[in-house]
Amino acid sequence: MTAAPNNRSFWTLERVELRRIAMPLVAPFRTSFGSQTERDILLVRCELSAADGRRTEGWGECVALSDPSYSPEYVDGAQHVMIHHLLPRLVAGGPLEAADVAPRLAKLHGHPMAKGALEMAVLDAQLRAENRSFADFLGVTATRIPSGVSVGIHDTVDALLATVQGYLDDGYVRIKLKIEPGNDIEQVAAVRDLIGPDTPFQVDANTAYRRTDGAHLRQLDDYDLLLIEQPLPEHDIIGHARLAAEVATPICLDESLVSAAGTADAIELGACEIANIKPGRVGGYLEAVRIHDLCVAKGIPVWCGGMLETGIGRAANAVLAALPGFTLPGDISASTRFYAEDIVTEPIGISDGYVTVPTSPGLGFEIATTILDSATTATVQAL
Ligand code: NPQ
Ligand code: MG
315 MTAAPNNRSF WTLERVELRR IAMPLVAPFR TSFGSQTERD ILLVRCELSA
365 ADGRRTEGWG ECVALSDPSY SPEYVDGAQH VMIHHLLPRL VAGGPLEAAD
415 VAPRLAKLHG HPMAKGALEM AVLDAQLRAE NRSFADFLGV TATRIPSGVS
465 VGIHDTVDAL LATVQGYLDD GYVRIKLKIE PGNDIEQVAA VRDLIGPDTP
515 FQVDANTAYR RTDGAHLRQL DDYDLLLIEQ PLPEHDIIGH ARLAAEVATP
565 ICLDESLVSA AGTADAIELG ACEIANIKPG RVGGYLEAVR IHDLCVAKGI
615 PVWCGGMLET GIGRAANAVL AALPGFTLPG DISASTRFYA EDIVTEPIGI
665 SDGYVTVPTS PGLGFEIATT ILDSATTATV QAL
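Now the structure itself:
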């Protein structure tokens with residue numbers, strides 16, 4: 315018999331429930347890939363047991379959108395791959411802890427958002443069993459993080475400025491504006507004029523430009539932006555490197571970064587001057603921490619992106635973003651930026667532009683069961 319390594323607790327996956335919830339957005343959210351009015355979200359609830367009889371449960375949130383527009387994943391596909399491929403392989407490997415989830419699923423290609431949600435549920439459950447916070451697990455010491463807001467594309471500049479003014483009044487310390495060809499330079503100039511020279515400001519193109527747009531995008535250099543996020547298609551790393559040489563404003567990657575190894579390559583090639591870290595996009599919080607560590611070692615600033623998460627993902631993101639390499643404000647806004655009602659008892663709020671880092675056991679949230687039940691559109695027992 316082989317002795318278990320020290321400091322590891324092994325859990326058996328007893329039961330996994332998948333929940334689909336419908337969350338209406340407080341206002342339509344338009345990006346270069348389309349406009350959304352509702353978020354259809356897949357949640358994972360797992361129940362684990364230990365050999366000594368302890369039991370625990372945890373929640374994870376899958377950030378896949380309804381359509382494969384932001385990345386190849388979409389919510390029905392994530393649910394299918396969990397049920398038919400990921401969960402059977404996880405269970406077949408026997409008892410586990412969160413760190414075992416990604417290695418055990420590594421032979422199955424892709425599906426980082428689905429994999430990341432499973433790892434998240436196991437991590438939440440395991441931390442709750444240890445009565446330990448995610449903040450303690452990551453060793454973060456910051457107690458609050460600056461809150462940025464992502465502003466969608468608007469039909470008119472007047473409407474855009476009214477929205478931005480509302481967010482300034484709410485206290486957000488950084489504005490991010492979605493752009494696309496035809497809705498860029500004029501909008502950026504107007505927003506910079508409104509917010510003044512000292513408010514941190516950045517843009518996100520969600521892959522909407524071409525390699526030949528360097529001279530066009532160079533006009534953004536006049537507006538003192540923190541960064542230009544993902545101007546080119548996700549696979550065009552060389553294109554981003556060329557753009558980084560052509561444009562003074564730093565180039566930041568989002569969609570292109572799906573692993574620590576790929577991030578290292580993008581940095582090496584000069585394509586990634588700043589990194590947006592989204593745990594779901596890279597297969598979970600543990601890989602997100604590895605990307606953070608790598609970027610710190612390479613001198614690349616990082617910030618935490620957002621996928622219109624419920625309070626589950628929003629709480630965990632607020633902990634992750636408290637790591638010291640997250641030197642730029644993230645897209646971790648108040649729950650009310652997107653949703654009238656959250657499914658957690660204490661929705662993320664901002665005070666003086668900051669979000670408090672949660673320190674309760676687990677990833678940092680408690681489910682508001684009644685609200686969750688009323689938002690649920692389907693429940694599937696996957697295991
Ligand atoms: C980004 N998020 O950084 C993403 C894109 C994104 C907060 O800007 C519904 C509709 C859900 C559009 C989730 C932010 C979405 C969405 C994420 C866009 O690129
Ligand atoms: Mg983005």
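Numbering-wise (the numbering used here), the sequence shown opens with residue 315 and increments by one.
Every residue, glycine too, gets a C-beta built ideally from N, C-alpha and C.
Model, not experiment: these values are computed from the prediction.
Can you look up residue i in the DSSP assignment and give me helix, strand or coil?
| i | result |
| --- | --- |
| residue 664 | coil |
| residue 384 | coil |
| residue 329 | strand |
| residue 318 | With a pLDDT of only 48 at residue 318, under the threshold of 50, the placement of this residue in the model should not be trusted; the figure read from the coordinates follows. Looking at residue 318 - three-state DSSP - the assignment turns out to be coil, as it is neither helix nor strand. |
| residue 644 | strand |
| residue 518 | strand |
| residue 672 | coil |
| residue 681 | strand |
| residue 755 | Residue coverage of the chain in this structure runs from 315 to 697, which leaves residue 755 outside it and unanswerable. |
| residue 334 | strand |
| residue 340 | strand |
| residue 469 | coil |
| residue 504 | helix |
| residue 491 | strand |
| residue 696 | coil |
| residue 323 | coil |
| residue 346 | coil |
Could you check if residue i is buried or exposed, using at least 16 other CB atoms within 10 Å of its CB as the buried criterion?
| i | result |
| --- | --- |
| residue 684 | exposed |
| residue 691 | exposed |
| residue 575 | exposed |
| residue 587 | buried |
| residue 582 | exposed |
| residue 429 | buried |
| residue 352 | exposed |
| residue 516 | buried |
| residue 445 | exposed |
| residue 315 | Annotation note: pLDDT 42 at residue 315 (below 50); position unreliable, coordinate value reported separately. Classification of residue 315: exposed, given that the 10 Å Cβ count is below 16. |
| residue 349 | exposed |
| residue 461 | buried |
| residue 447 | buried |
| residue 500 | exposed |
| residue 398 | exposed |
| residue 562 | exposed |
| residue 412 | buried |
| residue 613 | exposed |
| residue 544 | buried |
Measuring CA to CA, which of the options is closest to residue i?
| i | options | result |
| --- | --- | --- |
| residue 463 | 682, 658, 659, 617 | 617 |
| residue 496 | 345, 454, 325 | 345 |
| residue 422 | 409, 435, 402 | 402 |
| residue 649 | 478, 670, 528 | 670 |
| residue 367 | 349, 481, 328, 337 | 328 |
| residue 689 | 405, 385, 658 | 658 |
| residue 609 | 653, 382, 641, 457 | 641 |
| residue 577 | 535, 611, 475, 562 | 611 |
| residue 527 | 514, 547, 426 | 547 |
| residue 396 | 432, 365, 646 | 432 |
| residue 427 | 406, 385, 677 | 385 |
| residue 579 | 550, 674, 561 | 550 |
| residue 323 | 399, 420, 440 | 440 |
| residue 472 | 594, 498, 596, 504 | 504 |
| residue 369 | 416, 342, 336, 325 | 325 |
**Prompt:** Three or more beta-carbon pairs under 8 Å between the segment 600-610 and the segment 545-561, yes or no?
**Reply:** no
**Prompt:** Unbroken alpha helix (DSSP H) runs of length 4 or more, entirely within the segment 508-579: which are they?
**Reply:** 528-531, 551-560
**Message:** Extract the residue ranges of the alpha helix (DSSP H) inside the segment 439-465, only unbroken runs of 4 or more that lie entirely within it.
**Reply:** 448-452
**Prompt:** Touching or not, the segment 375-389 and the segment 619-631, by the rule of three or more beta carbon pairs under 8 Å?
**Reply:** yes
**Message:** Tell me whether the segment 519-534 and the segment 471-487 touch, counting them as touching only if at least three CB pairs, one residue from each stretch, are closer than 8 Å.
**Reply:** no
**Prompt:** What are the start and end residues of each continuous beta strand (DSSP E) run of 3 or more residues lying completely inside the segment 581-658, in chain order?
**Reply:** 588-591, 616-618
**In chain order, each alpha helix (DSSP H) run of at least 4 residues that lies wholly inside the segment 363-439** = 389-395, 401-406, 412-419
**Request:** Could you name the residues whose beta carbon sits closer than 7 Å to any heavy atom belonging to the ligand GTP, keeping them in chain order?
**Result:** Ligands in the displayed structure: the ligand NPQ and the ligand MG; the ligand GTP is not one of them.
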